[in-house]
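As structure tokens, the structure follows; a few thoughts come after it.
Protein chains: 2
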Amino acid sequence: MMLESFVPVAPDSDFPLENLPWGAWEWLEPGSSAPRVHVGVALGEYCVSATELQAAGFLRDLPGAPPGVFSHGRLNAFMGSGRAAWRAARQQLQRLLGAGEGALRDDPALRQRAIHPASGVRMLMPAEVGDYTDFYASRQHATHVGAMFRGPANALQPNWLHLPVGYHGRSSSIVPSGVDVHRPRGQVLPAAGGTTAPVFGPSAQVDFELEVAAVVGPGNPLGAAIPLAEAWDHVFGLVLLNDWSARDIQKWEYVPLGPFNGKNWATQISPWVVTLEALEPFRAPLPPQAEPEVLPYLREGPYPHRHTYDVELAVDITPAAGPGGVPARAATVTRSNLKNLYWSFAQMVAHHTAGGCNLRPGDLLGSGTISGDTPGSAGCLLELTWGGRDALELQAERQELERDQGGKGAGPAEVGPGGEAIGAGAVEGKGGGGVVLGRRTYLEDGDTVTLRGWCDGEGGTRRVGFGRCEGKLLPCR
Amino acid sequence: MMLESFVPVAPDSDFPLENLPWGAWEWLEPGSSAPRVHVGVALGEYCVSATELQAAGFLRDLPGAPPGVFSHGRLNAFMGSGRAAWRAARQQLQRLLGAGEGALRDDPALRQRAIHPASGVRMLMPAEVGDYTDFYASRQHATHVGAMFRGPANALQPNWLHLPVGYHGRSSSIVPSGVDVHRPRGQVLPAAGGTTAPVFGPSAQVDFELEVAAVVGPGNPLGAAIPLAEAWDHVFGLVLLNDWSARDIQKWEYVPLGPFNGKNWATQISPWVVTLEALEPFRAPLPPQAEPEVLPYLREGPYPHRHTYDVELAVDITPAAGPGGVPARAATVTRSNLKNLYWSFAQMVAHHTAGGCNLRPGDLLGSGTISGDTPGSAGCLLELTWGGRDALELQAERQELERDQGGKGAGPAEVGPGGEAIGAGAVEGKGGGGVVLGRRTYLEDGDTVTLRGWCDGEGGTRRVGFGRCEGKLLPCR
Ligand SMILES: [Ca+2]
Ligand SMILES: [Ca+2]
Ligand SMILES: [Mg+2]
Ligand SMILES: [Mg+2]
Ligand code: NI
């Protein structure tokens with residue numbers, strides 16, 4: 328049975344009443360002089376302020392949550408309150424926003440204060456990120472990248488099947504969707520090769536990485552590991568994550584201590600955190616870990632214990648709009664799925680804390696690039712172009728096709744609305760029967776990268792989506 | 328000329344009026360029911376609360392500092408205020424605390440509120456650390472570790488002389504001196520060798536790393552690099568840093584993305600941040616970077632432009648007290664100096680931000696293990712024991728000797744006061760003519776690790792010290 332709200336929600340919306348993802352935004356109340364920060368949930372094309380609803384007397388009975396948990400402008404305190412509080416808030420919001428409930432529906436003043444059109448807000452980071460960890464949990468990605476660098480015989484390092492490899496990332500440079508980023512400068516070896524004398528200049532190999540990140544819930548005190556059986560209780564929800572990467576900088580710097588300036592200039596997330604409660608109907612198995620069997624602290628029972636969620640993923644590249652008002656159009660360059668991981672988020676939590684490292688509410692655990700088995704499912708250009716060897720055609724028609732099939736895969740706030748005839752200026756060629764918008768080994772200035780993710784409703788299950796993680800690559804500052 | 332305060336300061340104190348390092352602490356005011364957090368400076372055996380002094384009307388004219396900059400319980404806002412504010416606060420405090428000034432000296436009520444005995448406070452982290460970066464800036468350390476792992480011919484990686492290699496560390500697990508840490512569990516390859524099947528258990532190779540960290544001042548917005556010429560203006564001051572490390576965990580996990588669980592279970596700092604103003608009399612050169620010459624964005628003019636500070640460093644290991652009340656005694660296991668770096672902190676700042684990565688006030692930039700040229704100057708047990716091959720004797724007499732020479736090298740709050748005859752229970756042997764407290768390849772449960780750092784006064788320059796970075800290794804939790 329599908330839930331109905333008095334707030335209008337389009338059938339293909341990412342954000343029906345079944346979803347209610349959490350976020351933070353800035354909103355200028357009409358007649359007010361300065362914008363205020365709200366936290367709350369998305370519903371259709373609206374943002375529903377838990378900050379205002381709690382001030383009005385709702386959402387006050389949340390077991391484990393401190394008073395005024397929605398008054399801080401960020402969701403860290405709510406994330407730290409635990410699953411009982413998250414469930415209670417979800418239930419109370421689904422009731423309050425339901426078609427049959429009058430408490431909010433019939434109070435025009437409160438509705439005006441608490442329900443903001445999404446088109447009028449500026450989305451912020453949902454939480455302060457104390458620490459950001461990036462894992463490397465897709466076997467396909469690790470195998471492809473390893474084969475490129477060390478040959479197919481040594482593609483996977485000896486540790487890879489025994490533990491979820493991860494490293495610490497940079498917290499300060501995490502930005503929400505909608506923020507544009509600048510191409511970084513850095514130290515690289517000249518492409519010509521044969522020299523060990525580096526040069527300093529703009530990166531020529533800017534890439535995206537298609538990832539999903541777990542947002543940490545309560546977390547643990549320093550020294551107290553989180554056992555695997557409790558690990559999912561420390562995941563509040565999931566977001567899309569683009570780990571912007573400069574491959575030439577990364578390649579020169581990363582030995583022996585890992586990526587640094589190749590990655591720390593920007594990491595981007597979708598602003599709405601989709602809760603595990605909303606994802607529960609889409610629970611899905613992961614590949615078995617039988618050969619080798621993992622150590623007991625990482626060993627999960629068979630599905631449904633060991634699980635992920637069936638989240639379809641796509642990345643679009645939208646080249647800059649052509650001259651003469653030619654509208655920008657998007658080309659979908661990869662399609663993957665959260666099922667394409669080897670390690671579960673629960674295993675990442677258990678491994679991360681096994682030595683006593685403490686996780687805090689709002690911390691991010693990136694999955695690593697999520698690549699599938701087929702050529703079109705690789706989660707970054709490094710793989711899609713095999714290290715820049717094979718240029719990729721940006722074909723517009725794939726996404727057009729999708730849109731004809733009923734908006735599947737197109738998020739609620741299309742950047743380039745598209746569908747119209749386009750001028751010759753934006754068309755560089757034709758290939759495979761579709762409109763070719765350009766060719767890429769790595770990203771060019773002006774390219775917009777859009778990550779999308781969604782769980783498809785089938786037979787009475789409504790689509791639950793992640794919205795977008797989107798940013799434009801600007802030239803070097 | 329030496330400065331004199333009305334607060335008593337011992338001649339060999341780390342904290343004379345010339346130093347005035349900044350910190351944060353918890354203090355229970357007599358007659359009050361709950362402790363309060365103060366920020367301020369150390370002076371002799373006292374903590375002087377800038378929080379109270381500012382509330383009483385002092386320290387209000389600090390150019391660039393927001394009102395109430397000392398009322399937040401941490402120093403981030405002050406660190407973000409910039410050098411003009413830091414200098415003004417230092418000058419005003421040196422005047423206010425000077426022997427000839429009556430405003431504080433002759434106000435007993437304010438003195439009681441603002442000057443707390445160090446023995447009665449609990450030191451806290453001086454700032455919230457948004458991000459912690461660890462560099463690898465000692466050529467000797469990188470060469471020794473590289474030779475151990477790859478042989479002397481390939482000791483330094485090709486990038487090492489071209490850029491300050493660094494990686495992102497874990498912020499959540501940084502603790503101040505005085506907090507004890509637990510031996511971590513983790514996944515390691517069995518020591519027997521010949522197998523690629525890991526096991527999970529307590530680390531058998533727990534080590535310290537002797538480092539100094541720069542505490543970031545104003546920092547930069549995302550996308551705007553800090554040029555080398557301005558880089559020192561973004562360093563508020565320096566602390567001692569012990570990068571606790573589990574070598575067996577690190578060795579198995581670190582390929583290809585760097586250290587993770589081997590390091591993220593604890594990092595410890597000294598609680599007092601010594602400012603660059605206090606260190607200025609001890610400015611010292613670094614080795615030249617002529618072969619190869621570094622790229623222009625990292626190129627500094629000769630000394631005094633390219634510089635560090637002459638900070639003597641030492642590490643003591645104090646085994647657990649013996650049975651029957653035998654007092655614990657410390658053995659100094661290494662002596663090094665901040666001059667033993669190849670890269671300057673200014674170069675680390677410039678490189679870190681070169682691609683646009685933003686630094687925030689209070690961020691930590693660890694130098695990496697600071698090893699010198701001689702066998703006794705290596706900054707970690709991995710080097711001192713050549714990977715655990717050669718056990719190290721813990722000799723008590725070195726520190727005794729020092730103490731006889733007038734407290735040189737001994738901090739203000741000696742853990743094991745020593746000097747007395749000790750019972751046979753704690754003496755495992757004799758060697759080199761001194762009392763041998765034990766042997767170590769790596770640390771044992773109950774060992775206390777103490778980092779000390781100081782600039783020696785010569786000819787009218789008073790000693791400026793860092794105090795201690797000290798923690799005990801407890802058994803696995
Ligand atoms: Ca990544
Ligand atoms: Ca280190
Ligand atoms: Mg990134
Ligand atoms: Mg550490
Ligand atoms: Ni961090």
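In the order they appear, the protein sequences are chains A and B. Start counting the first sequence at 328; every next residue gets the next number (the numbering used here). Start counting the second sequence at 328; every next residue gets the next number (the numbering used here). Each residue gets a CB set at the ideal place from its N, CA and C atoms; glycine is no exception.
Check whether A/ARG790 and A/CYS796 have beta carbons under 9 Å apart: By one-based count along the first sequence, residue 790 of chain A stands at place 463. By one-based count along the first sequence, residue 796 of chain A stands at place 469. Contact flag unset, no.
Suppose you measure from the CA of B/ALA737 to the CA of B/GLY400; what does that come to, to the nearest Å? Taking the first residue of the second sequence as 1, we reach residue 737 of chain B at position 410. Taking the first residue of the second sequence as 1, we reach residue 400 of chain B at position 73. Because B/ALA737 sits at a pLDDT of 34, beneath the cut-off of 50, its placement in the model cannot be relied upon, and the point is left open.
Applying the 10 Å Cβ sphere with the 16-neighbour rule, what's the burial state of B/ALA361? Position 34 of the second sequence, counted from the first residue, corresponds to residue 361 of chain B. B/ALA361 is exposed by the Cβ-count criterion.
Answer with yes or no whether the minimum CB distance from A/TRP579 to chain B is below 9 Å. For the purposes of this step, residue 579 of chain A is identified with residue 252 of the first sequence, where counting begins at 1. Judged by the 9 Å Cβ criterion, A/TRP579 is in contact with chain B.
How many Å lie between B/ASP570 and B/GLY706 at the Cα? Start at 1 with the first residue of the second sequence, and residue 570 of chain B comes out as number 243. Start at 1 with the first residue of the second sequence, and residue 706 of chain B comes out as number 379. Rounded to the nearest angstrom, the two C-alpha atoms are 11 Å apart.
B/ILE553 - DSSP class collapsed to helix/strand/coil: Stepping through the second sequence from its first residue, residue 553 of chain B is reached at position 226. The answer is coil: DSSP assigns B/ILE553 none of H, G, I, E or B.
Pairwise C-alpha distance: B/GLY409 and A/ASP434: Mapped onto the first sequence, residue 434 of chain A falls at position 107. Mapped onto the second sequence, residue 409 of chain B falls at position 82. Between A/ASP434 and B/GLY409, the C-alpha separation is close to 50 Å.
Do B/VAL543 and B/LEU692 have their beta-carbon atoms positioned less than 9 Å apart in this structure? As a working mapping, residue 692 of chain B is identified with position 365 in the second sequence. As a working mapping, residue 543 of chain B is identified with position 216 in the second sequence. A contact, by the Cβ cut-off of 9 Å.
If you run the structure through DSSP and keep just helix, strand and coil, what is B/PRO623? The residue you call residue 623 of chain B lines up with position 296 of the second sequence. B/PRO623: helix per DSSP, three-state reduction.
The alpha helix (DSSP H) that contains B/ASP575, what's its start and end? Locating residue 575 of chain B in the second sequence gives position 248, counting from the first residue. That run of the alpha helix (DSSP H) goes 574-580.
Near-chain A residues of the region 472-493 of chain B (beta-carbon distance less than 7 Å), N- to C-terminal order: GLN484, PRO485, ASN486, HIS489, LEU490, VAL492, GLY493
Is it the case that the CB of B/THR523 approaches a heavy atom of ligand 1 more closely than 8 Å? The residue given as residue 523 of chain B occupies position 196 in the second sequence. Checking the Cβ of B/THR523 against ligand 1 gives no.
Start-to-end residues for the alpha helix (DSSP H) that takes in A/GLN421: Translated into the one-based positions of the first sequence, residue 421 of chain A becomes position 94. Taken as a continuous stretch (DSSP letters only), the alpha helix (DSSP H) holding A/GLN421 covers 410-423.
Contact set between B/GLN514 and chain E, taken where Cβ atoms lie within less than 7 Å: No chain E appears in this structure, whose protein chains are A and B.
Could you spell out where the alpha helix (DSSP H) holding A/GLN381 opens and where it closes? Looking up residue 381 of chain A in the first sequence gives position 54. 377-382 is the extent of the alpha helix (DSSP H) around A/GLN381.
Less than 9 Å between the C-beta atoms of A/GLY787 and A/MET406, yes or no? Within the first sequence, residue 787 of chain A is the residue found at index 460, counting from 1. Within the first sequence, residue 406 of chain A is the residue found at index 79, counting from 1. The Cβ atoms of A/GLY787 and A/MET406 do not sit closer than 9 Å to each other.
Can you tell me whether B/GLU345 is helix, strand or coil according to DSSP? Walking along the second sequence from the start, residue 345 of chain B turns up at place 18. It is coil, neither helix nor strand.
Which residues DSSP lists as bridging B/CYS684, in chain order: As a working note, residue 684 of chain B is residue 357 in the second sequence. Under DSSP, B/CYS684 shares a beta bridge with no residue.
By DSSP, does A/VAL642 sit in helix, in strand, or in coil? Position 315 of the first sequence, counted from the first residue, corresponds to residue 642 of chain A. Here A/VAL642 sits in strand by DSSP.
If we cut at 9 Å on Cβ distances, does A/TYR463 have a partner in chain B? For the purposes of this step, residue 463 of chain A is taken as residue 136 along the first sequence, with counting starting at 1. At least one chain B Cβ lies under 9 Å of A/TYR463.
Evaluate B/ALA748 with the Cβ neighbour count: other Cβ atoms within 10 Å of its Cβ, from every protein chain shown; 16 or more gives buried, anything less gives exposed. To locate residue 748 of chain B, count along the second sequence from 1; it is residue 421. Its pLDDT being 28, under 50, B/ALA748 is placed unreliably in this model, and the value from its coordinates should be taken loosely. B/ALA748 comes out exposed.
How many Å lie between A/GLY473 and A/TRP487 at the Cα? Translated into positions along the first sequence, residue 473 of chain A becomes position 146. Translated into positions along the first sequence, residue 487 of chain A becomes position 160. Spanning the alpha carbons of A/GLY473 and A/TRP487 requires a straight line of approximately 11 Å.
Please indicate yes or no: does the CB of A/GLY384 lie closer than 8 Å to some heavy atom of ligand 1? Position 57 of the first sequence, counted from the first residue, corresponds to residue 384 of chain A. A/GLY384: no, Cβ never under 8 Å from ligand 1.
Chain-ordered neighbours of A/VAL533 on chain B, where CB pairs are closer than 9 Å: The sequence position of residue 533 of chain A within the first sequence is 206, counting from 1. Per Cβ cutoff of 9 Å: no residues; A/VAL533 is ~11 Å from chain B at best.
Of the listed residues B/LEU424, B/GLY457, B/PRO453, nearest to B/ALA441 (C-alpha basis): Sequence index remark: in the second sequence, residue 441 of chain B carries index 114 (1-based). For the residues B/LEU424, B/GLY457, B/PRO453, the minimum Cα distance to B/ALA441 belongs to B/LEU424.
To the nearest angstrom, report how far apart A/ALA540 and A/LEU567 are at their CA atoms. As a working note, residue 540 of chain A is residue 213 in the first sequence. As a working note, residue 567 of chain A is residue 240 in the first sequence. C-alpha separation (whole angstroms): 6 Å.
Is A/SER498 near ligand 1, with its Cβ less than 8 Å from a heavy atom? Looking up residue 498 of chain A in the first sequence gives position 171. Checking every heavy atom of ligand 1 against the Cβ of A/SER498, none is found closer than 8 Å.
Just to check, is the beta-carbon of B/SER572 closer than 8 Å to a non-hydrogen atom of ligand 2? Position 245 of the second sequence holds residue 572 of chain B. Indeed, a heavy atom of ligand 2 lies less than 8 Å from the Cβ.
What does DSSP give as the partner residue(s) for B/SER332 in the beta ladder? What you label residue 332 of chain B is simply residue 5 of the second sequence in a count that begins at 1. BP columns for B/SER332 point to B/GLY425.
Contacting residues, own chain, Cβ-Cβ under 7 Å from B/ALA593 (five flanking each side not counted): If you number the second sequence from 1, residue 593 of chain B lands on position 266. Counting only Cβ-Cβ distances below 7 Å, and skipping sequence neighbours, we find SER500, VAL502, VAL508, TRP571.
To which residues of the same chain is A/THR470 closer than 7 Å at the C-beta, ignoring the five residues directly before and after it? Here residue 470 of chain A corresponds to residue number 143 of the first sequence, with the count starting at 1. Scanning its chain for C-beta atoms nearer than 7 Å, with the 5 sequence neighbours on each side dropped, one finds around A/THR470 the residues ALA482, LEU483, in chain order.
Determine the burial state of A/GLY758: buried for a count of at least 16 other Cβ atoms within 10 Å of its Cβ, exposed for fewer. Along the first sequence, one-based indexing puts residue 758 of chain A at 431. Unreliable positioning characterises A/GLY758 in this predicted model, as indicated by a pLDDT of 41, which lies under 50. The coordinate reading is nonetheless provided below. Exposed, by the Cβ-count rule.
Per-residue contacts from A/PRO525 into chain B (C-beta, under 8 Å): Within the first sequence, the letter at position 198 stands for residue 525 of chain A. Under the 8 Å cutoff, chain B gives ASN486, HIS489, LEU490, LEU622.
Cβ-heavy atom distance, B/LYS578 to ligand 2, below 8 Å: Here residue 578 of chain B refers to the residue found at position 251 when the second sequence is read from its first residue. No, ligand 2 has no heavy atom inside 8 Å of this Cβ.
From the DSSP output, in three-state form, read off B/GLN514 for me. Reading the second sequence from its first residue, position 187 is the one you call residue 514 of chain B. Correct three-state label for B/GLN514: strand.
Comparing the C-beta of B/LEU770 with each C-beta of chain A, is any distance below 9 Å? Position 443 of the second sequence holds residue 770 of chain B. Chain A, which has no Cβ nearer than 9 Å to the Cβ of B/LEU770, makes this no.
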